[in-house]
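Colleague: I'd like to ask some things about the structure below.
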Amino acid sequence: MTAISAEPVVSTASAGRSLWYDAWLRFRRKKLAMVMLVIVVLYVIVGIGVASGWLAADWQDSVGESYAPPSWDTPFGTDIFGQSVFRKMIYGTKISLSVAFFASLLSIGIGVPLGAIAGYFRGYIDEIIVWLYSTLSSIPGLLLILAFAYALKGATLFGYKLDGITAVYLALGLTSWVGLCRLIRGEVIKHKNRDYVTAANAYGASKARIIFRHVIPNVTHLILIDFSLRFVAFIHAEVILSFLGLGAKGEPSWGVMIDDARLELSRGYWWQMAAATLAIFGISLALNIVGDALRDALDPKIRE
Amino acid sequence: MSDTPIIEIEDLAVSFPVPDAAGRGRRFNAVQGVNLSVYPAQTLAVVGESGSGKSVSAMSVLQLIPTPPGKYESGKIVWRGGVPGHTQEGTGVDLLTFDDKRMRAVRGNQIAMIFQEPMTSLNPVYTIGDQITEAVLLHQQVTRAEANQIAIAALSDVGIAAPASRLKEYPHQLSGGMRQRVMIAMALACQPTLLLADEPTTALDVTIQAQILELLRKLQNEKQMAVLLITHDLGVVAENVDTVAVMYAGRVLEYASVFDVFQNPMHPYTRGLLKSMPVLGREVDRLPTVMDGATIPEDFPAGFTVHPHTVDRNPPGGYGGPNSHLYEVAPNHWVLCEPTAENKDAKPAHPRLAFRRDAVAAV
Amino acid sequence: MRSRLMFAWPIAVLMLVSGSMLGCSEESGGQNGSGGDATLTTRGALSSKVRGMDPMDIGDTTSSSVASNIFDCLYQYHYLKRPYELIPSVAESMPTVSEDGLTYTITLRDDVYFQDDECFTETEGKGRKVVANDFIYSWKRIANLKNVSKNWWIFDGRIKGFNEFRKYTEGVTDKKDVDYDRPVEGLVAVDDRTLQITLTKPWPQVVYMMSHLPTAVVPREAVEHYGDEFINHPVGTGPYMLTDWRRGSKIVFERNPNYREEFYPSEGSEGDKEAGRLDDAGKRLPLIDRVELLIIEEDQPRWLKFVQGDLDIGGIPKDNFDTAVTPSRGLTGDLREKGIVLEIYEDPATFWYGFNMEEPLLGNNLPLRQALNLAIDRDEYLKLFLNDRGMPARGVLPPMLAGYDPDVDSPFTVYDPELARKKVKEAEAIHGGPIPPIVLTMGSTDSVARQTGQWFTRAYQQVGITLEVDYMDWPSAQEKVKTKSAQMYAMGWVADIPDAENFMQLFYGPNASPGTNNMNYQNDEADALYEKLSVMEESPERVEVIRQMQKKVIDDLPCVFTLHRKAYLLRYDWLRNYKPHVFGYGLAKYRNIDAELRQQRVGR
Amino acid sequence: MFSYIVRRLLYTPLVVIGVLIVTFMLFRVVQGDVSAEYAGKNASAETIAEYRKELGFDKPLFINSEAASERGVLAVFDSQFFHHFKNAVTLDFGRARVSKQKVSSLLAEGAVPSLTLTVPMFLGTLITAVTISLFIALVRGSTLDTSVVVACVCGMSLPFLALIMFGQYFFAYKLEWFPVFGYEPGFAGAKYFVLPVLMGVFAGLGGDVRFYRTVMLDEINADYIRTAKAKGQNTPRILYRHLLKNAMIPIISKVVLAIPFLFLGSLLTERFFGIPGLGYLMVEAIGQRDFQIINAMTFVISVLFVLGNLATDVCYALVDPRVTLN
């Protein structure tokens, strides 16, 4: 054989950096994305702070006149009851983030296993799962969410009565797993024929083990990217659902603030609209940019 | 045969942005101080590992480096093959100064290029007939039917059976070897003066590889075409080419005739590279690596010093040190090195070597 | 007699009504037609969609006022006279009532024709004359169970033999097979022009009901010709005909050329002459040729359209109130300069948060109910949610109804958090422990509902009562109230006849849910008083009985009375003959337009 | 190809049946008997019973075994599910709860204004976004590229509701460039659509440009583009002839799948600008819990979507020779 490669046999002594560490290094190089990541983390901290009662627990207190304009003390003015719009904006982080978080979690929890199972086993199981998601994806998302939200509202789950916002978590989660499922299924079909799967099969790993220990870790980056972008969609969905009267009740969320502000705007009380829009804008922008950077860092296909 | 090179690359440097760890933009020279020349009907092999700058050098000839992000930092690419409507054959012009319009007159016409990946380099949504005639119609005043005839001829030249019926097929309907032949046919359809062949055989199996190379050789002989062959396959180099340029980390390390390079390698990297070649019939515990063989020859010409090989692709001051240049350290043998203190007057030399193997000379 | 049990809760009502009820029949303005054409057009806006124009099906104010351009009842309200007075419409004169108050004899006008329509095949599309049987037919449609009309409550148990007719229709399989010629003892057409109604017991308010739009006359030919699509092809006897109806967008009416001879009133009440409202006295109605109504549900575009001069009349959305009205309740300068006039008038409406009296926690605990009343600062409520467009309600009856008493003796319908806290202590003693959270059912999920819920929660928090608000859509809330499963809920009532009985029946024991007595209030003495007043003719004695009954209710406090509403309405000065009217529909025929002034003001 | 279409056509009913099962579960089973709601506030028991009969809630959910024993085997299908099925297939969705209008004619009436709004909105967004992203693909990596991406993300991050309210107030009222509100069918009404369409295009641009930019970048970095360039082909023709045809595949799938949703109209825009379309109808139906309308809309759009899917696959085959339809 004459073909001898000039690709040198260089002893690569450098320690194998993990894929994730590599991705992190690539991600870290993007200054803008890092700033945005910090913003996302800040939102999360604020959300956790609110949920645990450290932040904005006093949002119900009146701090001034009804509809006082923004001032030094009340950066975004006050609402109809003289409550600080700024505090409401902070408090709203909790609802919006938890809606997005739990709905994402639910959609991952359904979409990933179903997609993996369909892609791995193929055959009848695949046919059924594909039929299921073809069906669900043909129903307009908003209508499906609404129908679910109506149907779930007031229902009892594990002895816990579902209120409006929980119904929204569930409705969003139960309807949005389709895209992820399709994505994972496609990836798993690709991975199924890779050597490492054959190898795992050869040493007698169980199917469940192959799917969850071997295949899924190899598609985790896709799940993460999907998660970051889906999150934004959920935050915006909360606004529309609030407009349609399906949002949070009794506590402020950004969607509820915008819906309230709808009636205040023409009166010149713009601050509640501004505060909620700003809050949504901030997290959407940050997540979109972080999501893009994640994709660049994690998905070798798009990487240049 | 002409004694002026048809193309000369002089001191070419091309840079790309690389964000460093701090995230700041920094430019990195993918090639630097590259000097090469090719004579008509000659085959120059550029060898080196991936990322050594072979493809960047070749693509620069046709200004195919996307700018941005890439940027031509310095250098000239002197072309003497003539430019339609601009210069006569024999007059040297710098291709890097060409605007897109003038460049298009050269691309695919005087200079054609074959790319490495036949799978992806053909447009999947057009038939191969469409794609070959596209090149013909762009550069020749012919009718579509004539272009079709030219395409058929080109296909049959590259050894494709029933070329007329193949014209209507889509790339995905062909095998890898066939696709590479189509690429070559496309490149040759306009009878270029210079063919840039970027690893034309890498993706193919050995027998096809041999056929293709033989085909190229044959066409070259018939049409007096110069070939710049990019490869990392030393076997191909040993059997098919006239002159060899070894590249590493964006620089040309050694330039000489194929026989000089194989019999008397001078640069430590070239030596290491050749020693890591397995030899038929000799048993070894393990193959030596480039580093194992990268020694400085004891008889390195007096008056010059050469730096030992480093695996650091981006050493401070550039590969081989800031003062390294190509010097003609022995007759018709250029090496990237520095003159010693007592040889201060030595001038870096542009490599020019009109050497051709016997088989070629015999034509 | 019942009125419209109004919407989920007060604010929604206010917004809807200020836009819709006024919106349609009253929101009108003028615009000269294109070029030198003398067509007078008025433009108004509706704040909710018109559901359908079949009187039988109409149950909401918007549809009623729109349909009233097309349909006529036997009687109508005098446009200008106050207090409100009924005058004949399709009837020739007021009815003759028998001694026992049971038999009403009504003579019809001889010159009332249906509008021309292709359904009149025998006359080649020419409208035919209205006869007494047409009314009987129209009312039987309501009684026909297969038509599932919302308006059966008007006649339920009132007219001899009518319930039997309804019973008969229940057995018919297909609604097309119902025999409308089947006789009903209490409904007799003596001849073409004489209608005789026999009641089961005296019911003086029946005349008001005969001005209520669902009792309007419809031609049998049209109903049979169009079938279910009659709602989209209304054929009546009114001043206007429907020429274009784009659902969710626009409704256009044009003058009915065959409208009977009717003239603009030549006498009115005090101030009408000065205000120019008698300038058109004696002119043939209608005065305007064309009525255009835009349907604009969102506040912002409706307000912007009005301010631009594209609408002649517009309600003030709550949140544009500051822009439009100065704190002294006058119009802001720049609006006045545009020729905009502010009309303020009282509305016979009361709003409350009802308690389900059958629910033990609230029903058995008077001090708790008193505390819940005392904790509410009605002035603040009015200020925050209605821009002070109303007055605190301290009792059942709204202004304008006989029996209304501004100084009603009700010590617990005032704001007194101190006393409320004391009453909570008493309530806890009765309950035998801390008061558990009270659940308020809100029949809306929109922003104002949320804010109201929040406001109530805060108010009760101050006196030590926990309130949980359960928001839902209006139909669900209705369902909860009707099945007696709502503990506390928002409700309102707007009179559509000027009689107090209309309100008092809400507190009559036998009317308990699913009837109109949604509080399931039960007090034998009050029931006895109601039975007495409901058959009495109007008189000072009757007013006394009404007051006694109201006193019973106020003492028992089956709800938190919140407010009586005032309507604020804006119009341009080129709209003439405008006079607020809270009961009447079909008032467009009285309006006029000063086209020149309009041209001058907005150049259109 | 023909057999492929036939096969896909055969799969279509399966999905439609799936949709019917889902809508049945949501609107009949989970939602339960809505007769009392339909009958209205002062309804007597017999009125509710009448509604129950009319709406079919008096029948068993799936199998009417009782009727089967009385009226023969075929009566087994006299159940809620099979009526739901039959009504959907015959497009007989009954009458709306509140307005008593025929649902099918409400849908037909609403489709025209909705499409008048959404089709220009969609085409405007598509053409603008594809043009911008083609251009961006040429200057990829430059500052301009980065700023366009940032602008897109900013655009995507704005809540649409806020955008509409601002646009209406500022452009229509303050500047008086457009009418505030209104609708006329035909060309006479064109002026009413300009602002809502522009707002929709503006709102949709961010996401679309980002999507198409990725598509274009994927393609412009492809080797065949380099080949075309090496042949001496000029840039416009490389973009048009080579890049766009390859990029058509993801574009088509996005476009064809978006078309069914054009019928859904635009919930917020229609309401604010007074366009009597299906989006408006939806918002109202949701507010009034008019399940007849919601159910019909869901079904019709789902079927259109399924057909759209089929159309996408056929389009793929037309554009991409690699797709072998078998």
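Residue numbers (my numbering), protein chains in the order written: chain A, 2 to 305; chain B, 143 to 505; chain C, -11 to 592; chain D, 973 to 1298. Built from N, CA and C at the ideal position, the CB exists for glycine as well.
State yes or no: is the C-beta of Asn490/C within less than 8 Å of the C-beta of Ala483/C?
Modeller: Contact: yes.
Colleague: Alpha helix (DSSP H) containing Cys61/C: first to last residue?
Modeller: Where Cys61/C is concerned, there is no enclosing alpha helix (DSSP H), given that its DSSP letter is neither H nor E.
Colleague: In the structure shown, what three-state DSSP assignment does Thr1088/D receive?
Modeller: The answer is helix: DSSP assigns Thr1088/D an H, G or I state.
Colleague: Mind checking if Tyr596/C is an interface residue toward chain A, Cβ cutoff 8 Å exclusive?
Modeller: This structure leaves residue 596/C out entirely; chain C is present only between -11 and 592.
Colleague: What does Tyr1196/D reach in chain G if we use C-beta pairs closer than 8 Å?
Modeller: Absent from the structure is chain G; the protein chains it does hold are A, B, C and D.
Colleague: If you drop the 5 nearest sequence neighbours on each side, which residues of the same chain put their C-beta closer than 7 Å to that of Arg244/B?
Modeller: Excluding positions up to five away in sequence, the list reads Val225, His228.
Colleague: Which parts of the region 173 to 257 of chain C are runs of the alpha helix (DSSP H), unbroken and 4 residues or longer, counting only runs that do not cross its ends?
Modeller: Those alpha helix (DSSP H) runs which fall completely within the region 173 to 257 of chain C and span 4+ residues are 194 to 197, 208 to 214.
Colleague: Measuring CB atoms only, is the region 214 to 226 of chain A touching the region 275 to 291 of chain A, in the sense that at least three cross pairs come out at less than 8 Å?
Modeller: Contact between the region 214 to 226 of chain A and the region 275 to 291 of chain A is absent, because fewer than three Cβ pairs lie under 8 Å.
Colleague: How big is the Cα-Cα spacing for Val1111/D and Ala155/B?
Modeller: If I take the Cα positions, the gap works out to 22 Å.
Colleague: Find out if the Cβ-Cβ distance for the pair Glu594/C, Tyr228/C is shorter than 8 Å.
Modeller: Residue 594/C lies beyond the stretch modelled for chain C, which goes from -11 to 592, so this question has no answer here.
Colleague: Under three-state DSSP, which class holds Glu547/C?
Modeller: Note that residue 547/C is Cys in the sequence shown here, rather than Glu. In the structure shown, Cys547/C sits in a strand (DSSP, three-state: E or B).
Colleague: Residues of chain C with CB under 7 Å from Pro1248/D, in chain order?
Modeller: Those within 7 Å of Pro1248/D in chain C are Arg234, Arg235, Gly236, Ser237.
Colleague: For Pro305/B, collect the residues of the same chain with a Cβ closer than 7 Å to its Cβ; drop the 5 residues on either side in sequence, then sort them by chain order.
Modeller: Cβ neighbours of Pro305/B beyond the five flanking positions: Ile294, Leu297, Ser298.
Colleague: Measuring alpha carbon to alpha carbon, tell me which of Thr50/C, Ile46/C, Asp45/C ends up nearest Gly32/C.
Modeller: Nearest of Thr50/C, Ile46/C, Asp45/C to Gly32/C, Cα basis: Thr50/C.
Colleague: Hey, could you find the ends of the beta strand (DSSP E) Asp153/B is sitting in?
Modeller: 149 to 159 is the span of the beta strand (DSSP E), which, as asked, contains Asp153/B.
Colleague: For Asn367/C, count the other beta carbons within 10 Å of its own beta carbon; 16 or more makes it buried, fewer makes it exposed. Which is it?
Modeller: Checking the displayed sequence, the identity of residue 367/C turns out to be Asp instead of Asn. That one is exposed.
Colleague: With H, G and I counted as helix, E and B as strand and the rest as coil, what does DSSP make of Ala1080/D?
Modeller: Looking at Ala1080/D - three-state DSSP - the assignment turns out to be helix.
Colleague: Alpha carbon to alpha carbon, what distance is there between Val1070/D and Glu1156/D?
Modeller: For Glu1156/D and Val1070/D, the distance between alpha carbons rounds to 25 Å.
Colleague: Please confirm whether Val131/A and Ala117/A have their CB atoms less than 8 Å apart.
Modeller: Not in contact: Val131/A and Ala117/A (Cβ atoms no closer than 8 Å).
Colleague: By how many angstroms is the C-alpha of Pro313/B removed from the C-alpha of Met261/B?
Modeller: Taking the straight line joining both Cα atoms gives about 8 Å.
Colleague: What separation, rounded to the nearest whole angstrom, lies between the Cα atoms of Asn565/C and Thr94/A?
Modeller: Between Asn565/C and Thr94/A, the C-alpha separation is close to 54 Å.
Colleague: Hey, Asp80/A and Gln273/A are a contact pair by Cβ (cut 8 Å); roughly how many whole angstroms apart?
Modeller: Indeed they touch by this definition, with Cβ atoms about 6 Å apart.
Colleague: How far does the alpha helix (DSSP H) with Met90/A in it reach, from first residue to last?
Modeller: From DSSP, the alpha helix (DSSP H) with Met90/A extends over 86 to 122.
Colleague: If you measure between the beta carbons of Thr349/B and Val388/B, is that distance less than 8 Å?
Modeller: Contact flag unset, no.
Colleague: When you compare the region 350 to 365 of chain C with the region 448 to 464 of chain C, are there three or more beta-carbon pairs, one atom per stretch, that lie closer than 8 Å?
Modeller: Verdict: yes, contact present.
Colleague: Is Ile276/C closer than 8 Å to Arg535/C when the C-beta atoms are compared?
Modeller: No. Outside cutoff.
Colleague: Which one of Tyr67/C, Ala55/C, Arg589/C has the shortest CA to CA distance from Leu266/C?
Modeller: Closest by alpha carbon: Tyr67/C.
Colleague: Any beta carbon from chain D within less than 8 Å of Cys12/C's own beta carbon?
Modeller: Below a pLDDT of 50, predicted positions are generally treated as unreliable, and Cys12/C, at 35, falls in that range; the measurement from the model is reported next regardless. It does not; no Cβ of chain D falls within 8 Å.
Colleague: Does the region 321 to 336 of chain C come into contact with the region 551 to 561 of chain C, if we say contact requires no fewer than three beta-carbon pairs (one atom in each stretch) closer than 8 Å?
Modeller: Output reads yes: the region 551 to 561 of chain C touches the region 321 to 336 of chain C.
Colleague: Between Val1120/D and chain B, is the shortest Cβ-Cβ distance under 8 Å, so that the two count as touching?
Modeller: Judged by the 8 Å Cβ criterion, Val1120/D is not in contact with chain B.
Colleague: Please return the same chain residues whose Cβ sits closer than 8 Å to the Cβ of Val412/C, not counting the five positions on each side in sequence.
Modeller: Correct list, in chain order: Pro355, Leu356, Ala359, Ile423, Val451, Gly452, Ile453.
Colleague: Under 8 Å between beta-carbons, which chain D residues line up against Lys472/C? List them in chain order, please.
Modeller: Within chain D, no residue comes near Lys472/C; the closest Cβ sits about 13 Å away, beyond 8 Å.
Colleague: So which residues on chain A does Leu1236/D lean against when the C-beta distance must stay under 9 Å?
Modeller: Residues of chain A passing the Cβ test: Pro141, Leu143, Leu144.
Colleague: Taking C-beta pairs closer than 7 Å, name the residues in chain B that His1056/D reaches, listed in chain order.
Modeller: Residues of chain B passing the Cβ test: none, with the nearest at roughly 45 Å.
Colleague: Would you mind telling me which residues of chain C sit closer than 7 Å to Glu1018/D, beta carbon to beta carbon, in chain order?
Modeller: Neighbours of Glu1018/D on chain C, chain order: Leu133, Glu158.
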